[in-house]
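Chemist: Residue numbers (the UniProt record's numbering), protein chains in the order written: chain H, 1 to 232; chain E, 1 to 232. No residue lacks a Cβ here, since even glycine has one placed at the ideal position from N, Cα and C. Predicted model, so just to flag it, every value in this text is computed and none were measured.
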DNA sequence: TCTGTTGGATTGTTCAACAATCCAGCGATC
DNA sequence: GATCGCTGGATTGTTGAACAATCCAACAGA
């Protein structure tokens with residue numbers, strides 16, 4: 001059945017990789033990484049916490065070596081920090097990290113929106129805006145947060161670049177880890193809800209320069225706010 | 001002796017991580033990754049080549065598990081491609097990859113140069129230009145290539161962002177892998193040697209917008225050239 | 001020519017072991 | 001009383017061996 005599916009889905013024989021990805025069973029190491037990513041995003045694992053290999057291995061019912069592979073992956077994503085011979089720790093916000101993260105965001109988000117995008121991609125941005133409005137109407141703080149992430153992810157997706165998309169995904173994962181629910185109060189959201197609306201409108205109207213300026217201004221302000229809350 | 005060094009180098013007690021990095025002995029897995037990175041950059045391992053775990057392990061005199069860790073690291077850097085149950089292969093240039101890479105470069109390089117940088121960072125850009133001239137005078141093709149990489153690395157370094165720097169380093173490693181010596185003929189270099197000079201001059205003069213425009217134009221042209229040589 | 005099967009090779013994963021390293025606690029010394 | 005050095009336990013780094021799962025090429029048969 002697997003092979004039949006494969007033949008049906010790839011008559012051209014070109015995109016075999018894509019077809020295989022769809023039906024592929026994630027390896028154990030990947031599932032461990034996924035589980036840890038989830039726990040990090042959800043706030044189960046707080047910054048600075050130590051992750052002991054043996055403990056994680058036992059908890060998840062896998063071997064230590066497999067846990068190690070997952071650690072290597074997450075360390076590459078800056079979610080975990082490996083300190084040789086001491087252990088791996090949940091990444092913590094060091095001095096300058098906030099500025100650093102926003103520097104990356106300014107580079108790739110502004111560049112993406114200034115180049116515009118296909119109608120479908122623009123529609124995705126609009127969808128994220130609507131998602132935010134809906135969450136706001138339902139006072140769903142959780143939903144508001146992810147809507148905002150979808151919005152900014154959709155902006156980067158305008159560029160249709162796999163590499164930019166994965167970079168942005170990592171940055172967003174970092175932000176979920178650092179700026180967790182506790183720091184995200186309603187006061188925060190009300191600001192950018194209308195802001196996103198404006199940015200999206202400018203994008204739809206083809207006023208790319210203005211959209212870029214608005215986005216840049218938002219990012220600068222957001223950085224200031226976050227810096228004010230957390231340390232420098 | 002080690003502890004003495006440590007105390008001398010960190011009177012503030014703040015940057016303990018940095019000090020430790022300097023004296024740290026790389027783990028075996030890291031050295032394996034480093035060796036593979038070298039062989040990739042040097043063209044020993046060509047795109048598409050299969051890397052068998054057992055073979056590499058025996059060649060380097062390490063265990064299979066250690067090789068696996070190194071593979072995970074390099075796969076995260078897009079230098080190797082892991083195909084489950086089939087093996088790891090040296091990354092190959094897929095359709096759209098060239099455009100993808102240049103999209104990232106446009107985003108982070110142009111953004112970095114438009115924001116300017118400290119005099120020291122600007123001096124580093126100038127140094128890379130001079131390095132290129134020197135290599136050109138000595139008809140050192142090898143040196144020309146790395147001088148160009150240093151130039152673009154120095155531009156990104158203007159932003160003083162660790163994250164942008166590592167992103168750029170990965171992109172440059174990819175380019176070394178894909179666009180290897182064979183494709184880099186002298187005709188290529190003569191173009192951007194004067195180009196870099198102009199960009200650097202504009203940067204030094206504080207004409208950031210112009211510097212950004214020049215850099216952008218260069219990147220666009222470079223993408224066209226590379227696309228013409230390799231497939232789409 | 002196509003289809004199934006089979007066997008070898010390679011990967012994915014586990015387990016157990018040991019060396020290297022770190023760390024906290026505890027005396028010994030001044 | 002503070003500092004120094006030591007020691008023991010815990011954790012990481014790395015290895016080697018083992019086995020199941022998967023893939024692939026070659027082969028046999030319809």
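1. Less than 8 Å between the CB atoms is what I'm expecting for residue 231 of chain H and residue 95 of chain H, so what's the real figure, rounded?
2. Should residue 168 of chain E and residue 108 of chain E be called a contact, given that it needs their Cβ atoms to be closer than 8 Å?
3. In chain E, which residues lie with their C-beta within 7 Å of the C-beta of residue 103 of chain H?
4. Work out the CA separation of residue 70 of chain H and residue 35 of chain H for me, nearest whole Å.
5. So that I know if they touch, is there some Cβ in chain E lying closer than 8 Å to that of residue 22 of chain H?
6. Mind checking if residue 210 of chain H is an interface residue toward chain E, Cβ cutoff 8 Å exclusive?
7. Compare the C-beta of residue 213 of chain E with all C-beta atoms of chain H and state if any pair is closer than 8 Å.
8. Grab me the residues of residue 210 of chain H's own chain with a C-beta within less than 7 Å of its C-beta, minus the 5 sequence neighbours each way, in chain order.
9. Can you say whether residue 151 of chain E is buried or exposed, counting buried as having 16 or more other CB atoms within 10 angstroms of its CB?
10. If residue 196 of chain E sits next to residue 101 of chain E, beta carbons under 8 Å apart, how far is it from one beta carbon to the other, in whole angstroms?
11. So what's residue 89 of chain H in DSSP terms, helix, strand or just coil?
12. If you scan the UniProt domain "HTH gntR-type" (26 to 93) of chain H from start to end, which runs of the beta strand (DSSP E) of 3 or more residues do you find wholly inside it?
13. Given a cut-off of 8 Å on the beta-carbon distance, is the pair residue 33 of chain E and residue 93 of chain E in contact?
14. Please classify residue 132 of chain E as buried or exposed, where buried requires at least 16 neighbouring CB atoms within 10 angstroms.
15. Quick one: which chain E residues come within Cβ less than 7 Å of residue 76 of chain H?
16. Are three or more beta carbon pairs between the stretch 40 to 50 of chain E and the stretch 172 to 179 of chain E nearer than 8 Å?
17. Mapping the DSSP letters down to three states, classify residue 8 of chain H as helix, strand or coil.
18. According to DSSP, is residue 230 of chain E helix, strand or coil?
19. Quick one: list the residues of chain E neighbouring residue 27 of chain H, beta-carbon separation under 8 Å, in chain order.
20. Should residue 223 of chain E and residue 113 of chain E be called a contact, given that it needs their Cβ atoms to be closer than 8 Å?
21. Give me the Cα-Cα distance between residue 226 of chain H and residue 220 of chain H, rounded to the nearest whole angstrom.
22. Which residue marks the beginning of the alpha helix (DSSP H) containing residue 174 of chain H, and which one marks its end?
Modeler: In this structure, then:
1. The residue labelled residue 231 of chain H in the question sits at position 231 within the first chain. The residue labelled residue 95 of chain H in the question sits at position 95 within the first chain. The Cβ separation is near 7 Å, so the contact holds.
2. Residue numbering aside, residue 168 of chain E sits at position 168 when the second chain is read from its first letter. Residue numbering aside, residue 108 of chain E sits at position 108 when the second chain is read from its first letter. Contact: yes.
3. As a position in the first chain, residue 103 of chain H is number 103, starting the count at 1. Within chain E, the residues 159, 161 and 164 have their CB atoms less than 7 Å from the CB of residue 103 of chain H, given in chain order.
4. The residue given as residue 35 of chain H occupies position 35 in the first chain. The residue given as residue 70 of chain H occupies position 70 in the first chain. Answer to the nearest angstrom: the Cα atoms are 10 Å apart.
5. Position 22 of the first chain, counted from the start, is the residue given in the question as residue 22 of chain H. The predicted model places residue 22 of chain H with a pLDDT of 49, which falls under 50 and marks its position as unreliable, so this point remains unresolved.
6. Sequence index remark: in the first chain, residue 210 of chain H carries index 210 (1-based). Not one chain E Cβ lies under 8 Å of residue 210 of chain H.
7. Locating residue 213 of chain E in the second chain gives position 213, where the first residue counts as 1. Judged by the 8 Å Cβ criterion, residue 213 of chain E is not in contact with chain H.
8. For the purposes of this step, residue 210 of chain H is taken as the residue at position 210 of the first chain. Excluding sequence neighbours, residue 210 of chain H sits near 202.
9. Here residue 151 of chain E corresponds to residue number 151 of the second chain, with the count starting at 1. Residue 151 of chain E is buried by the Cβ-count criterion.
10. The count along the second chain starts at 1 and reaches residue 196 of chain E at position 196. The count along the second chain starts at 1 and reaches residue 101 of chain E at position 101. Incorrect: roughly 19 Å between the Cβ atoms, too far for contact.
11. By one-based count along the first chain, residue 89 of chain H stands at place 89. Reduced to three states, the DSSP call for residue 89 of chain H is strand.
12. 80 to 83 and 87 to 90
13. As a working mapping, residue 33 of chain E is identified with position 33 in the second chain. As a working mapping, residue 93 of chain E is identified with position 93 in the second chain. Not in contact: residue 33 of chain E and residue 93 of chain E (Cβ atoms no closer than 8 Å).
14. As a working note, residue 132 of chain E is residue 132 in the second chain. It counts as buried.
15. Locating residue 76 of chain H in the first chain gives position 76, where the first residue counts as 1. In chain order: 73 and 76.
16. yes
17. Here residue 8 of chain H is taken as the residue at index 8 of the first chain, counted from 1. At residue 8 of chain H the pLDDT is 29, less than 50, meaning the model places this residue with poor confidence and gives no usable figure here.
18. As a first step, residue 230 of chain E must be located in the second chain, where it is residue number 230. Correct three-state label for residue 230 of chain E: coil.
19. Position 27 of the first chain, counting from 1, holds the residue named residue 27 of chain H. Contact of residue 27 of chain H with chain E by beta-carbon distance below 8 Å involves 84.
20. Locating residue 223 of chain E in the second chain gives position 223, where the first residue counts as 1. Locating residue 113 of chain E in the second chain gives position 113, where the first residue counts as 1. Cβ distance not < 8 Å, so residue 223 of chain E and residue 113 of chain E don't count as in contact.
21. Sequence index remark: in the first chain, residue 226 of chain H carries index 226 (1-based). Sequence index remark: in the first chain, residue 220 of chain H carries index 220 (1-based). Cα-Cα distance, rounded: 10 Å.
22. Numbered from its first residue, the first chain carries residue 174 of chain H at position 174. Note, residue 174 of chain H: alpha helix (DSSP H), 162 to 178.
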